[in-house]
Amino acid sequence: MKKLIYAALLTAAAFILIQSCSKSSVNNNGSTDGSSFDRKAMLTNLSANIIIPAYTAFQASTVSLDAAVTTFNTTPNATNLTALQAAFKAAYQQWQATSVFDFGPAEQINFRVNTNTYPTDVNQINTNISSGIYNKDLLANLAAKGLPAMDYLLFGTGADNTAVLAQFTTDGQAANRKSYLAILSAELKTNAATVLTAWNGAYKTTFINADGTDQGSSTGLLVNQLVYDYEILKNYEVGIPAGVQSMGTTFPTKVQAYYSQMSVQLALLHIQAIQNIYLGKSAQGDGSGLDDYLVKVNAKYNDGSLNDAIKNQFAVAIGKLQALTDPLSANITNNNAAVTAAYTELQKLTVLLKTDMTSSLGILITFGDNDGD
Amino acid sequence: MKKSFTVLSFIAAVIIFATSCKKSSSVTPATPTYTVPATYNFSNANFADAKTRLGMYTEMSNVMKNALTGAISATTLKNMFTNTSAPFTTAAYNTSGIQIKDQGFSLYQTDVPSFIDSLVKVSQSTQPASRGVAGVGTSSANAATKYALTATGVNYAQVFNKATMGGLITYQIVTIMDAVANATIDNTTVVNGETALEHSWDMAFGYWGVPVDFPTNKTGAILWGSYSTQVDSGYHANKILMDAFLKGRAAISNKDKATITEQANIILQTMEKLTAAAVLQEVKEIKESINDNVARNSRLSECYGFVYSFKYNPKRKITDAQIDAILALFPKNFYDLTLTDVNNIRDAVAKQYDFVSVQDIL
Chain A
1 MKKLIYAALL TAAAFILIQS CSKSSVNNNG STDGSSFDRK AMLTNLSANI IIPAYTAFQA
61 STVSLDAAVT TFNTTPNATN LTALQAAFKA AYQQWQATSV FDFGPAEQIN FRVNTNTYPT
121 DVNQINTNIS SGIYNKDLLA NLAAKGLPAM DYLLFGTGAD NTAVLAQFTT DGQAANRKSY
181 LAILSAELKT NAATVLTAWN GAYKTTFINA DGTDQGSSTG LLVNQLVYDY EILKNYEVGI
241 PAGVQSMGTT FPTKVQAYYS QMSVQLALLH IQAIQNIYLG KSAQGDGSGL DDYLVKVNAK
301 YNDGSLNDAI KNQFAVAIGK LQALTDPLSA NITNNNAAVT AAYTELQKLT VLLKTDMTSS
361 LGILITFGDN DGD
Chain B
1 MKKSFTVLSF IAAVIIFATS CKKSSSVTPA TPTYTVPATY NFSNANFADA KTRLGMYTEM
61 SNVMKNALTG AISATTLKNM FTNTSAPFTT AAYNTSGIQI KDQGFSLYQT DVPSFIDSLV
121 KVSQSTQPAS RGVAGVGTSS ANAATKYALT ATGVNYAQVF NKATMGGLIT YQIVTIMDAV
181 ANATIDNTTV VNGETALEHS WDMAFGYWGV PVDFPTNKTG AILWGSYSTQ VDSGYHANKI
241 LMDAFLKGRA AISNKDKATI TEQANIILQT MEKLTAAAVL QEVKEIKESI NDNVARNSRL
301 SECYGFVYSF KYNPKRKITD AQIDAILALF PKNFYDLTLT DVNNIRDAVA KQYDFVSVQD
361 IL
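Chains A and B are the protein sequences, given in the same order.
Using our numbering, the letters of the first sequence correspond one by one to residues 1 to 373.
Using our numbering, the letters of the second sequence correspond one by one to residues 1 to 362.
And the structure:
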């Protein structure tokens, strides 16, 4: 009997001890919504069926591009220029489905800005060509490299292909210009290979296993970059050239792919790629994506589901973009109302993705608005 | 019986231990005979002079903004710095009898005129800013965003801004807190409704640049008041500082010496950590405008200004050699910046101040 009392008292004492000190060891394992959504399955689908195929295709396109540069530089004629321009366009198109993933291996090498900083800086390009000096590590050269710089070199150095070809044959700087072109395509190829190798190696596992929702988690990184890249589309591909940040003063030359005149085409590829990531949709079918996640946590928007609102707004925004015509720079000059109308619908989607989706999923947006101080 | 007694006393000991265990993980008021208010509405609080100097700074900053549209006057700015020849638009500043300069750290007092001269020189240029050319540059992202940059890309308006946060504000706050911690300020004689200690503490609070009901209300928060919010997601400086200012001030009025010293030391140390957090916040901003030469250089100038301002904190833990080593990570010409440089600056500061886990979210 006595022993029983001792035991009971000791148990009670131990209970008091545990209770009183347990607060300090409370930990949060990242599940903020209490739902049972299988994020690992989503990350597996996105990495295997969307991200790695995108990097694989982009890497292949940069190999073709670099090979076309080599052929053109060896034999600079009209046929090889046309072939090079086609290889360039293919790479730029594939980039639209690749730019989103600027975290992990891509973030390590600043892949997005190294590949696609525009408007390109023609003065800096020409300085680099005439001086024969180029340091790829200088951030000041970001606007003088990548796809936009090649866009200028291959389409913007003359009024037509005959004039462009002359810049690589008879012009006094032809030799330096060819060297610069080769340096730029080689750099793209190297960067694409670096990122793809990392994803095919250890990073894929890292990505799938970081399946929480905290700031370092893959869902957190992916959603942040999806929203960030989407805002680049909205602002840089459409809004800024259309003058939405400058009280109506337009900047038609600031569009993406200004010289090759495929801005609308690229913007459509870009938004469709972002839509596919959202839906988890790929050549393998409609897999687990952010849409399924929002459905699982029963995210609401007004009286309906947030997922429906987002899907509808994707459709509306894509419809407005489809109403635009290339060259977008001319469209801005001739019918800017259509361009700003597209921007308005893109902006509505920003709010849904950046505010409603992130709060429903408990994900913190960690980038700033980048609008000066 | 004896055994029962032993057991009971064991239980009692456990309960006492458990209670004390609980207390150690929450905050223990040293003397529960006074309450700490939720806002800085102490009836006799007076930090008008600190607010006046922050206002003088704002007027200087506004004059510096004119460098974006034409030449500005070094004489005007230097007169404002010393409150000479009625230089301010706000008449009360001109007749206040106080100034910024003589309240600043010695090195800050001599640095500011040269910062002014550098900015004035840029303002006289008629060319746009580019590598090797001083002038006004336009952000490639936003045509409405412009900065006055030297030929090497330095925005001295921002360097002055950060220097003032270090050389005037941090310097004043840490100097006051150090004196408080060493009990060298009188807390007995009442002058103008306050003891000297109460007034010094109020001035330190005033320099922080926040409203009395901060952080619930953030309206009008400037300089450190703005930056403590900007870094708050990674380093909760708002709460640390506000709690300490409130507790310390209540303790002063209630002659609770232990709490006064404790809170003074918290504020003193927080100011240096806050500066480090601000450096990392600027690193993040640099990365967000990484392909925008003009905006990036301006943000690099902010970052540089914060690192340099460590020198103005006489109570800093970081050594001169460590500061110089971080400054050496900045390129001589800001147009020569590389991603590696940016990461090196981030890593050096994050490591020094134990911010590695939050370095990317500050």
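C-beta atoms are modelled at their ideal positions from N, C-alpha and C, and glycine is treated no differently.
Proximity test, residue i beta-carbon vs the ligand FAD heavy atom, cut-off 7 Å
i: A/L153; result: Summarising the ligand content, the structure contains no ligands, and the ligand FAD is consequently not present.
Residue i to residue j span [Cα, whole Å]
i: B/G137; j: A/G319; result: 38 Å
i: B/T164; j: B/M64; result: 14 Å
i: B/L68; j: B/G209; result: 26 Å
i: B/K175; j: B/M203; result: What sits at residue 175 of chain B in the sequence shown is Thr, not Lys. Computed Cα separation, rounded: 11 Å.
i: A/T358; j: A/L226; result: 11 Å
i: A/Q261; j: B/I323; result: 50 Å
i: A/T44; j: A/L361; result: 18 Å
i: A/N114; j: B/H236; result: 34 Å
i: A/G30; j: B/Y353; result: With a pLDDT of only 39 at A/G30, under the threshold of 50, the placement of this residue in the model should not be trusted, and no figure is reported.
i: B/V191; j: B/I185; result: 13 Å
i: A/K204; j: A/A198; result: 8 Å
i: B/K351; j: B/A277; result: 11 Å
i: B/I260; j: B/K315; result: 18 Å
i: B/K255; j: B/Y57; result: 34 Å
i: A/V316; j: A/Q272; result: 12 Å
i: A/S130; j: A/D326; result: 32 Å
i: B/V154; j: A/F103; result: 30 Å
i: B/L327; j: A/S329; result: 44 Å
i: B/E272; j: B/I169; result: 12 Å
i: A/L346; j: B/T145; result: 23 Å
Cβ-Cβ distance between residue i and residue j below 8 Å
i: B/A417; j: B/N313; result: No answer is possible for residue 417 of chain B: it lies beyond the span of chain B, which begins at 1 and ends at 362.
i: A/A166; j: A/G158; result: yes
i: A/L46; j: A/G280; result: yes
i: B/G166; j: B/I361; result: no
i: B/L54; j: B/L274; result: no
i: A/N49; j: A/Q284; result: yes
i: A/M42; j: A/S288; result: yes
i: B/N46; j: B/H199; result: yes
i: B/R131; j: A/A140; result: yes
i: A/Q59; j: A/A192; result: yes
i: A/N200; j: A/I52; result: yes
i: A/D292; j: A/V100; result: no
i: A/T350; j: A/K234; result: yes
i: A/L181; j: A/N80; result: no
i: B/T100; j: B/F88; result: Position check: residue 100 of chain B holds Ile in this sequence, whereas Thr was assumed. No.
Beta-carbon proximity list for residue i, same chain, < 6 Å, skipping 5 on both sides
i: A/A375; result: Nothing can be reported for residue 375 of chain A: it is not among the residues displayed for chain A, which extend from 1 to 373.
i: B/V36; result: L246, K247 and A250
i: A/E237; result: Q256 and A267
i: B/Q127; result: V133 and G135
i: A/Q94; result: A57, F58 and S61
i: A/L154; result: Q85 and F88
i: B/S125; result: A134 and G135
i: B/F105; result: G167, Y171 and Y312
Listed by chain order, chain A residues near residue i by CB distance under 7 Å
i: B/T126; result: By Cβ distance, chain A contributes nothing, its closest Cβ being about 18 Å from B/T126, past 7 Å.
Residues that residue i contacts on chain B, provided the C-beta gap is smaller than 8 Å
i: A/G368; result: K284, E285 and E288
i: A/D137; result: T338, L339 and T340
i: A/P119; result: S140
i: A/N110; result: I290 and L339
i: A/A420; result: There is no way to answer for residue 420 of chain A, as the model of chain A reaches only from 1 to 373.
i: A/F251; result: A143
Residue i: contacting residues in chain B (beta-carbon distance under 7 Å)
i: A/Q215; result: I361
i: A/S246; result: A143 and A144
9 Å Cβ cut-off: residues of chain B touching residue i
i: A/Q261; result: None at all; the shortest Cβ gap to chain B is about 21 Å.
Nearest-angstrom Cβ-Cβ length linking residue i and residue j, presumed shorter than 8 Å
i: A/D356; j: A/Y301; result: 6 Å
i: B/V122; j: B/T150; result: 6 Å
i: A/P119; j: B/S289; result: In fact, because the Cβ distance is near 15 Å, the residues do not count as touching under 8 Å.
i: B/T340; j: A/D137; result: 7 Å
Under 9 Å from the C-beta of residue i: neighbouring residues of chain A
i: B/Y335; result: L138, L139 and A140
8 Å Cβ cut-off: residues of chain A touching residue i
i: B/R346; result: None at all; the shortest Cβ gap to chain A is about 13 Å.
Cut-off 7 Å between Cβ atoms - residues of its own chain near residue i, not counting five sequence neighbours on either side
i: A/I363; result: T213, T219, G220 and V223
i: B/T52; result: Y93, S96 and I98
i: B/E302; result: Q158, K162 and E282
i: B/T195; result: D186, N187, T188 and T189
i: B/A74; result: I116, D117 and V120
i: A/V69; result: L84, L181, A182 and S185
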